[in-house]
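Below is one structure, written out as structure tokens, with a few remarks after it.
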Amino acid sequence: MRLLLADDHPLLLDGLRNVLSDLPDVELLPSVNNGHQLLDVLYRHPVDMVLLDLNMPKTDGLTALKQIRRDFPSVKVIVFTSYNQPQHMREVQALGAMGYLLKTTDAPTLKAAVRQVWEGKPWFSYLPTSSAASPIDTFMQKHQLTKREIEIIQQIVGGRTTRQIADLLCVSEFTVNAHRRNIARKLGIDTPVGLANFAREQGLI
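Following this line, the structure appears as structure tokens:
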């Protein structure tokens, strides 16, 4: 998988390359720092996925995303941004992005998102905001769940096994099983089917 990083902060790009360089079967292409360079690379070289900043000079991320979807529909795009407003996430999702991550995302989550999007499955995770609580925010607070537990619930509901979840999130099966026990204790549900029904009722999926 040929992955192109597009961001105008050199130190951040160095950090991303360091985190993603050990993913198997991933070729990191030379990074770009503005939307014009990004589109130029896409027109000249085969690219499978773009990790895209929204705030870039010359051609901004939103404009670049629209052009990518129009001219390169097979290229998968994950938006990687400091904007944590839900409206931005909804906007890029409507424009065809397959993922949305904050720049505060930890390394295991970043790797998991890249893997999942490469498999053709969207990654639009919970965004903390200072505005009125979202349904997921309310659900988390009510049941004392962590963000990671929400992610694991979504993976369980998606039909993944403990081993698959561990590989996806770059953690051990022991850690996943510990989260599963905590989820079962907090929700009083210990089967994937029961969890799927409950998650659907609560608007998690």
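Numbering-wise (my numbering), the sequence shown opens with residue 1 and increments by one.
All C-beta atoms in this analysis are idealised placements derived from N, C-alpha and C, irrespective of residue type, glycine included.
Just so you know, these numbers come straight off a predicted model, no measurement behind them.
query                                                                                               : result
Rounded straight-line distance, which links the Cα of ARG90 to that of TRP123                       : 12 Å
With 16 other Cβ atoms within 10 Å as the buried cut-off, status of PHE174                          : exposed
Cβ neighbour criterion (16 or more within 10 Å) applied to GLY194                                   : exposed
Distance between beta carbons of GLY99 and ALA112, contact taken as under 8 Å                       : No, ALA112 and GLY99 are not in contact; Cβ-Cβ is about 10 Å, not under 8 Å.
Integer-rounded CB distance, given that VAL19 should sit under 8 Å from LEU110                      : 6 Å
Residue environment, GLU201, which counts as buried when at least 16 other CB atoms sit within 10 Å : exposed
Pairwise C-alpha distance: ILE78 and GLN37                                                          : 17 Å
Rounded straight-line distance, which links the Cα of SER31 to that of LEU11                        : 12 Å
Buried/exposed call for GLU151, threshold 16 Cβ in 10 Å                                             : buried
Burial state of ALA64, where buried means 16 or more other Cβ atoms lie within 10 Å                 : buried
Member of LYS58, THR105 and PHE72 whose CA lies at the smallest distance from the CA of PHE80       : THR105
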